[in-house]
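Residue numbers (this note's numbering), protein chains in the order written: chain A, 1 to 437; chain B, 1 to 437.
This report concerns only the one structure given below.
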């Protein structure tokens, strides 16, 4: 078996060819991949059944969570979604070759900033075999080679999908080394050390996995360990919106990274909002932990006492921390101190309060009268996402194709030398903006 | 004296205010800073003389390089340039608040990607006191707070400039904590550990400094340790352009990161190009190290034998490595193997050869018939630069204001909840592109 470094170096060589593929060549390959998944549905489901057979006893002994088993299981509907997903990615605009800055420096000397692939992307994902398909489609569309390390429980499913996709892509003219499947336990550690050969690591899985990856590599990592999101109900809030958004943000999928963990309520509306909201949340099975001020309002209700630790906790569960604040400033300060820079929402009818909140809250998504759960690549119109980034530098937020490309500066001269632009008789740069042809 | 963490936390608090300053407020502050430097020229020069007096004996004993002493020395011309530089930054477009993506997700639910400041930028710079002025101007214009750690040899100059700039900025309405000067030796190590408080580190100085910083912090670092640039003379090159560009790229400022280190020449033109070029380079004082093929062509000329180490070496001096290659592919492979992803040039009249070179060479700048020495923020039309990045993710290449901002997604709803978009009766997203208002 080839080592990770060998696979990465072959992928690097293949990535140079991927980088110069035309859009229609990439789209034809994606169409071929979609067709091959459809044509080989039975083989994929049969491989998946082998994984499920190995997994079932583990569920029964409690070694594997039921939810993980459900994510592992493929069926015809999931296969149809996979195929549709690949076709959707094919239909997106090509993110490579976009000119984002164009300027004439001087006569005959033109500078362009042009988007280009990143190179070799290493992806670590857990259980879900559909992740393999989505990630590969996004990487190919963006001209990147991809190293795939799936979960051990999905070995047979991943291998089947990998072989089918690679054969289809290869027949459609993509280099065979543009994708590689890593299967050994030690491959993750090797990949994290492959600086220079691997350009970007994307861990998709638990907070613990992401944190492990972040702490054990010098390669840039795209993703986020924490998703500690807040909803702040301003004193100028429409309380009906506040109620509906809070319930949606907590209840619709509490394990999601974009679910709300802490509700901040302005003192002036806490008395009107909290009693009804807390009742509704309790009816949805939400356990609550409140500060003193909120507990004073809802005496008798089942709101436990919040401690400092609660403001730091991403519950990933039907639990909500609640805090009453005296001002917009206090809300912003709390969010900047405890938030994870993921997604933060304000509920208010006061445009100035939103503008203030937007300018000062330090997060990838800052929402006005909408649920934090909209933070998602598909919902953002990206077709799909490779992850959500809470980093400050590009890319951040849900990351689709655009986050899978970087750029190069292209300078086109006619023999231009710098010496002509220096010294007492220096030529002056024209610095005239030109068309982004 | 306050600790770095205290200064960073105060700067963080100030950065929230900087983030919501209007363009004209920032420009007024920059004009005030320019005016204050002009008005206090004598005090600045007098402080600089104290640094020079301390430095002079070190130059005489050889403990300080003459070049370093020259960079340390301020005079009226340098002060005028400083003032002009600040005014130029003020004249640039405001990089904050630019909308780079706008889409309607559904009726009444609109998503915008809006550029915003990064937060607190920590800058480490050596000798040049003018760097303090340029960096501060760029940070303020981009709405960032800045921690400045200058070289010990420029202590008096930096302190004078810092006090003058801070007073002027503060009088013009910027928060006083938006800039801090760090002076203790141990401050660098503390700053590198200030994750969460400092958002970006920019080391400006030697390769050794940059490498030290990169290896000792988890905070994103903007910069580059190496600048190993190539000029490749294609078989379809105009040899006069090749000659002029190679000499410019090597001789005009050999210590610069964008100077050429290795010349690659296609076998078919090596015989015509090399004898004359090598003569001209030798006359400019350039020492050369060639592979066997190039030395065979220039028998008798003073070209030493190159070893594998030469292809890896950034000489920062009047030394050039020369290698004859058999094809465009070989040139690209050499550059991708030995280059530092900084700036790479091809000399050719063949557009297809350039397109291939542009697509496959992995570097922040890929030039066609122009000197590598154009890689510079001012020359690119950015007004100034905080550094040049060889990283793959944004920002890369010369980094001006645009690299000092990141973005937030702004979602504007009217109480929208995610639950309405899921399940069998899910509303469909419209995903209609809208004006970037």
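Each residue gets a CB set at the ideal place from its N, CA and C atoms; glycine is no exception.
Because the structure is a prediction, the values reported are computed rather than measured.
My understanding is that residue i touches residue j, with C-beta atoms under 8 Å, so please give their C-beta distance in whole angstroms.
{"i": "residue 413 of chain B", "j": "residue 408 of chain A", "result": "Actually they do not touch by this definition, with Cβ atoms about 37 Å apart."}
{"i": "residue 219 of chain A", "j": "residue 195 of chain A", "result": "6 Å"}
{"i": "residue 148 of chain B", "j": "residue 164 of chain B", "result": "With a Cβ gap of about 13 Å, residue 148 of chain B and residue 164 of chain B do not count as contacting."}
{"i": "residue 371 of chain A", "j": "residue 422 of chain B", "result": "So it is not a contact: roughly 11 Å between Cβ atoms."}
{"i": "residue 144 of chain A", "j": "residue 119 of chain A", "result": "7 Å"}
{"i": "residue 96 of chain A", "j": "residue 137 of chain A", "result": "So it is not a contact: roughly 15 Å between Cβ atoms."}
Run down chain B in chain order and give the residues with a C-beta less than 9 Å from the C-beta of residue i.
{"i": "residue 412 of chain A", "result": "354, 367, 368, 369 and 370"}
{"i": "residue 211 of chain A", "result": "The premise fails here: residue 211 of chain A is roughly 12 Å from chain B at the closest Cβ pair, so nothing lies under 9 Å."}
{"i": "residue 119 of chain A", "result": "362 and 392"}
Could you check if residue i is buried or exposed, using at least 16 other CB atoms within 10 Å of its CB as the buried criterion?
{"i": "residue 199 of chain B", "result": "buried"}
{"i": "residue 344 of chain B", "result": "buried"}
{"i": "residue 271 of chain A", "result": "exposed"}
{"i": "residue 243 of chain B", "result": "buried"}
{"i": "residue 245 of chain B", "result": "buried"}
{"i": "residue 398 of chain B", "result": "buried"}
{"i": "residue 131 of chain B", "result": "buried"}
{"i": "residue 261 of chain B", "result": "buried"}
{"i": "residue 46 of chain A", "result": "exposed"}
{"i": "residue 157 of chain B", "result": "buried"}
{"i": "residue 276 of chain B", "result": "exposed"}
{"i": "residue 377 of chain B", "result": "buried"}
{"i": "residue 323 of chain A", "result": "buried"}
For residue i and residue j, I'd like the C-alpha separation in whole angstroms.
{"i": "residue 71 of chain A", "j": "residue 182 of chain A", "result": "20 Å"}
{"i": "residue 38 of chain B", "j": "residue 178 of chain B", "result": "22 Å"}
{"i": "residue 128 of chain B", "j": "residue 78 of chain B", "result": "11 Å"}
{"i": "residue 184 of chain A", "j": "residue 13 of chain A", "result": "23 Å"}
{"i": "residue 297 of chain B", "j": "residue 386 of chain B", "result": "43 Å"}
{"i": "residue 113 of chain B", "j": "residue 141 of chain B", "result": "20 Å"}
{"i": "residue 224 of chain B", "j": "residue 43 of chain A", "result": "49 Å"}
{"i": "residue 328 of chain A", "j": "residue 169 of chain B", "result": "27 Å"}
{"i": "residue 361 of chain A", "j": "residue 340 of chain A", "result": "11 Å"}
{"i": "residue 474 of chain A", "j": "residue 395 of chain A", "result": "Outside the displayed range of chain A (1 to 437) lies residue 474 of chain A, so it cannot be described from this structure."}
{"i": "residue 430 of chain B", "j": "residue 16 of chain B", "result": "34 Å"}
{"i": "residue 263 of chain A", "j": "residue 204 of chain A", "result": "27 Å"}
{"i": "residue 347 of chain B", "j": "residue 357 of chain B", "result": "10 Å"}
{"i": "residue 374 of chain A", "j": "residue 403 of chain A", "result": "18 Å"}
{"i": "residue 63 of chain A", "j": "residue 311 of chain B", "result": "54 Å"}
{"i": "residue 55 of chain B", "j": "residue 68 of chain B", "result": "10 Å"}
Is there at least one Cβ from chain A nearer than 9 Å to residue i's Cβ?
{"i": "residue 94 of chain B", "result": "no"}
{"i": "residue 317 of chain B", "result": "no"}
{"i": "residue 431 of chain B", "result": "yes"}
{"i": "residue 381 of chain B", "result": "yes"}
{"i": "residue 406 of chain B", "result": "yes"}
{"i": "residue 295 of chain B", "result": "no"}
{"i": "residue 374 of chain B", "result": "yes"}
{"i": "residue 232 of chain B", "result": "no"}
Could you tell me which chain A residues have their CB closer than 9 Å to the CB of residue i, listed as they occur along the chain?
{"i": "residue 248 of chain B", "result": "416, 417, 418, 419 and 420"}
{"i": "residue 103 of chain B", "result": "380 and 381"}
{"i": "residue 56 of chain B", "result": "In chain order: nothing, as chain A lies at least about 28 Å away."}
{"i": "residue 252 of chain B", "result": "417, 418, 419 and 422"}
I'd like to know if residue i contacts chain B, where contact means its C-beta is closer than 9 Å to some C-beta of that chain.
{"i": "residue 223 of chain A", "result": "no"}
{"i": "residue 245 of chain A", "result": "yes"}
{"i": "residue 442 of chain A", "result": "Past the boundaries of the shown model lies residue 442 of chain A; chain A is included only from 1 to 437, so the question cannot be answered."}
{"i": "residue 332 of chain A", "result": "yes"}
{"i": "residue 327 of chain A", "result": "no"}
{"i": "residue 71 of chain A", "result": "no"}
{"i": "residue 207 of chain A", "result": "no"}
{"i": "residue 19 of chain A", "result": "yes"}
{"i": "residue 359 of chain A", "result": "yes"}
Applying a beta-carbon distance threshold of less than 7 Å, which residues of chain A neighbour residue i?
{"i": "residue 241 of chain B", "result": "415"}
{"i": "residue 397 of chain B", "result": "409"}
{"i": "residue 109 of chain B", "result": "370"}
Taking residue i as the query, report the chain B residues whose CB atoms sit under 7 Å from its CB, ordered along the chain.
{"i": "residue 130 of chain A", "result": "Under the 7 Å cutoff, chain B gives no residues; its nearest Cβ is about 17 Å from residue 130 of chain A."}
{"i": "residue 350 of chain A", "result": "None at all; the shortest Cβ gap to chain B is about 13 Å."}
Going along chain A, which residues have a C-beta under 8 Å from residue i?
{"i": "residue 199 of chain B", "result": "392"}
By the criterion of Cβ-Cβ separation under 8 Å, what are the contact partners of residue i in chain B?
{"i": "residue 238 of chain A", "result": "415"}
* Listed from N- to C-terminal order along the chain, which residues in the segment 157-168 of chain B have their beta-carbon within a distance smaller than 7 Å of any beta-carbon of chain D? -> Among the protein chains in the structure shown, which are A and B, there is no chain D.
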